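In what follows, a single structure is set out as structure tokens and then discussed.
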Amino acid sequence: EAGVTQSPTHLIKTRGQQATLRCSPISGHTSVYWYQQALGLGLQFLLWYDEGEERNRGNFPPRFSGRQFPNYSSELNVNALELEDSALYLCASSLGKLSAQYFGPGTRLTVL
Amino acid sequence: EDQVTQSPEALRLQEGESSSLNCSYTVSGLRGLFWYRQDPGKGPEFLFTLYSAGEEKEKERLKATLTKKESFLHITAPKPEDSATYLCAGNAGNNRKLIWGLGTSLAVNP
């Protein structure tokens with residue numbers, strides 16, 4: 002069974018640009034979660050999508066947004082990039098209530 | 173406020189030296205306690221889910237246990253390949269938002 006996939010692996014942008022990160026969940030999983038992990042810091046919850054709807058949002062500004070498509074894949078958009086947005090962005094998916102989240106390999110975003 | 177605290181922050185062991193990692197939680201209406209392993213620059217790898225006090229789960233050299241206030245990850249006779257950061261997280265109920273600890277960085281020396 003294929004795991005969670007994310008693209009691109011690495012992304013380099015300059016301040017003020019926009020970044021788009023993509024995630025494909027495990028087949029059959031309907032929930033997708035996005036996390037930010039800055040170097041040396043813990044996982045910070047960004048967004049949760051389920052059945053195409055945004056269900057919960059972490060303490061991040063509105064320039065962090067996303068969506069979930071009918072096939073349950075998801076994308077995360079970060080507008081007006083700032084230097085402190087440089088981090089590993091992780092996507093996870095889960096099946097059903099109370100189920101474990103399974104993570105992808107992450108996208109390393111570097112803002113110059 | 174829901175919180176998960178892991179200790180120690182870092183642990184260095186000799187190969188074969190068993191030890192335990194601690195995860196204390198104050199999560200109202202806990203609906204599951206999760207353990208993950210994370211290697212540098214990679215996504216966390218799911219290890220265990222525990223749902224009720226007294227529950228235990230094992231996988232190779234790892235055993236996770238749960239009480240009403242904390243969870244332990246016991247590592248028996250660790251090997252260098254067990255070196256990683258171990259994360260725990262509590263499920264805070266119906267909104268399925270996980271409350272994450274900051275992790276324990278484990279280094280096992282050969």
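Note that the protein sequences, when read in sequence, are chains W and S.
According to my numbering, the first sequence is numbered sequentially starting from 2.
According to my numbering, the second sequence is numbered sequentially starting from 173.
Even glycine gets a Cβ: it sits at the ideal position worked out from N, Cα and C.
Model, not experiment: these values are computed from the prediction.
| Asked | Found |
| --- | --- |
| Provide the residue span of the beta strand (DSSP E) that contains H11 of chain W, from first to last. | H11 to K14 |
| Opposite Q7 of chain W in the DSSP bridges: which residues? | W:C24 |
| Which value, in whole angstroms, describes the spacing of the CA atoms of W207 of chain S and S191 of chain S? | 16 Å |
| Please return the same chain residues whose Cβ sits closer than 6 Å to the Cβ of G262 of chain S, not counting the five positions on each side in sequence. | V176, Y197, V199, L202, L205 and I271 |
| Consider the Cβ of A101 of chain W: report whether some Cβ of chain S lies at a distance smaller than 7 Å. | yes |
| If you follow the beta strand (DSSP E) that A279 of chain S is part of, which residue opens it and which one closes it? | T276 to N281 |
| Check the Cβ of N60 of chain W against every Cβ in chain S and list those closer than 9 Å, keeping chain order. | Near N60 of chain W there are no residues of chain S at all, since even the closest Cβ is about 11 Å away, more than 9 Å. |
| Excluding five sequence neighbours on each side, which residues of the same chain lie with their C-beta closer than 8 Å to the C-beta of R233 of chain S? | I247, T248, A249, P250, K251 and D254 |
| Who are the Cβ neighbours of L12 of chain W in its own chain at under 8 Å, not counting the five residues just before and after it? | A20, L22, T108, R109, L110 and T111 |
| Going by the DSSP bridge assignment, what does A264 of chain S pair with across the sheet? | In DSSP, A264 of chain S forms no bridge with anything. |
| Does G215 of chain S get closer than 7 Å to chain W when you measure Cβ to Cβ? | yes |
| Measure from the C-beta of K269 of chain S to each C-beta in chain W and report whether the shortest distance is under 7 Å. | yes |
| Closer than 8 Å, Cβ to Cβ, to anything on chain W: give me those residues from the stretch 231–248 of chain S, in chain order. | none |
| What separation, rounded to the nearest whole angstrom, lies between the Cα atoms of K240 of chain S and K229 of chain S? | 16 Å |
| Among the candidates W:G41, W:N80 and W:S75, whose CA atom is the shortest distance from the CA of L274 of chain S? | W:G41 |
| Can a CB atom of chain S be found closer than 7 Å to the CB of P106 of chain W? | yes |
| Flag this pair as yes or no: are the beta carbons of A93 of chain W and Y34 of chain W separated by less than 7 Å? | yes |
| Taking 6 Å as the limit between beta carbons, can you name the residues of its chain near S179 of chain S, skipping five residues before and five after? | N194 |
| Check the DSSP bridge columns for N57 of chain W and list the partner residues they point to. | W:W49 |
| What are the residues in the stretch 40–64 of chain W lying within 9 Å of chain S by C-beta distance? | L42, G43, L44, Q45, F46, W49, D51, R56, N57 and G59 |
| Give the secondary structure of E253 of chain S by DSSP, where H, G and I count as helix, E and B as strand, and everything else as coil. | helix |
| Hey, would you say Q37 of chain W sits closer than 7 Å to A101 of chain W, going by beta carbons? | no |
| Mind pulling the chain W residues with CB within less than 7 Å of L274 of chain S? | G43 |
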